[in-house]
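Residue numbers (our numbering), protein chains in the order written: chain A, 2 to 120; chain B, 10 to 276.
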């Protein structure tokens, strides 16, 4: 049996799911960090692999949110979403890796484009 | 414990190389008042990293609603996970119907970086009076933003007030973002579609840029590009568990490419 977020109809199941797959999956690493103190080497091969996997995981979620978003964002055409993400990233790079500049540029392209297409 | 000779500058600050000053606090004669340090930590809510995080949490509340979660579940997630990248992975996995064990693995993989972050935070925040259980409890509030804040500000705080100062900031940031999750989730239904889409878009664009800024190793840059492209391709071909595969296989490939490149650079 594979248990998913909606497997059980009991009200408490999603909360238990969040505790098991969310809280434990994150707090365990924090507790290990407390116990490890400053004894941990952060340049071991295992840590390098883990950092790459963690980065790819989050990037995968970002890619999905841009190309296959759920809800309202899906009403904005794909080319506009990609243009906004690309334009935001270019603005971010052009302004010395300024995150705020990237976010503002992407939002301007997205909202401006959406209003132009369907006012 | 970290007692390797300190390389502090003339102001008595720690250098950025992870060297810490002695645990006892001999030089804080100027600032002996105990009261007020929690409140001074709270005032850190007006800093740039805190504001960026709060704007991103507007996006998270909207993301939860658009992904079909309830208000209670969304708020619970922010409080109980308290690491935005992991929360985004959790919402993505949940809305894709990923089984519990694979969801936990995906979230755990997205959160491994908390270990070295907390390990670097411990010697900075504790004093000789700090108990281990206090650190275990307080560590729940360590996520990227609170960690950056701790690294920036704690060296200037007298050591025996650091736990109080950090708690003041971290608990305030936590409470504000729980409220923001609830507010943005609730207001999303009354907003125009374009505004909801724009707020939803805050999360991917914030992470895209913040992760580009944080990626220092070639392997991390490869992982970013591979993950971004691989997941939509896998999803378009209706391959189940696309996020898990893009993360595990894509990340492992990125690690191997990075390793090959290091080898190449050495020879």
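Where is the CB? At the ideal position from N, CA and C, for every residue including glycine.
- Beta-carbon to beta-carbon, residue 107 of chain A and residue 214 of chain B are separated by about 4 Å, close enough to satisfy the 8 Å threshold.
- Residue 58 of chain B has its alpha-carbon roughly 7 Å from the corresponding atom of residue 158 of chain B.
- Approximately 6 Å separates the beta-carbon atoms of residue 139 of chain B and residue 172 of chain B; this is inside 8 Å, confirming the contact.
- Non-local beta-carbon contacts of residue 88 of chain B in its own chain, meaning distances under 6 Å to residues more than five positions away in sequence, involve 187 in chain order.
- DSSP places residue 259 of chain B within a helical segment (H, G or I) once states are collapsed to three.
- Taking 7 Å as the upper bound on Cβ-Cβ separation, chain A lies near residues 202, 203, 205, 206, 207, 209, 210, 211, 212, 213, 214, 215, 216 of the region 183-216 of chain B.
- Taken atom to atom, the span from the alpha-carbon of residue 117 of chain A to that of residue 55 of chain B is near 35 Å.
- Close CB contacts of residue 244 of chain B within its chain, under the 8 Å cut and outside five residues either way in sequence, are with 251 (chain order).
- Residue 65 of chain A: member of the alpha helix (DSSP H) spanning 46-68, first to last residue.
- Under a criterion of Cβ atoms nearer than 8 Å, the residues of chain B adjacent to residue 24 of chain A are, in order, 89, 90.
- Per DSSP, residue 213 of chain B is one residue of the alpha helix (DSSP H) stretching across 202-223.
- By the rule that beta-carbons nearer than 8 Å mark a contact, residue 144 of chain B touches chain A.
- Contact between residue 220 of chain B and residue 56 of chain A holds, with the beta-carbon distance rounding to 7 Å and staying under 8 Å.
- Residue 63 of chain A sits away from residue 210 of chain B, with the two beta carbons spaced by 8 Å or more.
- Leaving aside the five residues that flank residue 236 of chain B on each side, the residues in its chain whose CB is nearer than 6 Å to its CB run, in chain order, 255, 259.
- Listed by position along chain B, the residues whose Cβ is nearer than 7 Å to that of residue 45 of chain A form an empty set, because the closest Cβ is around 10 Å away.
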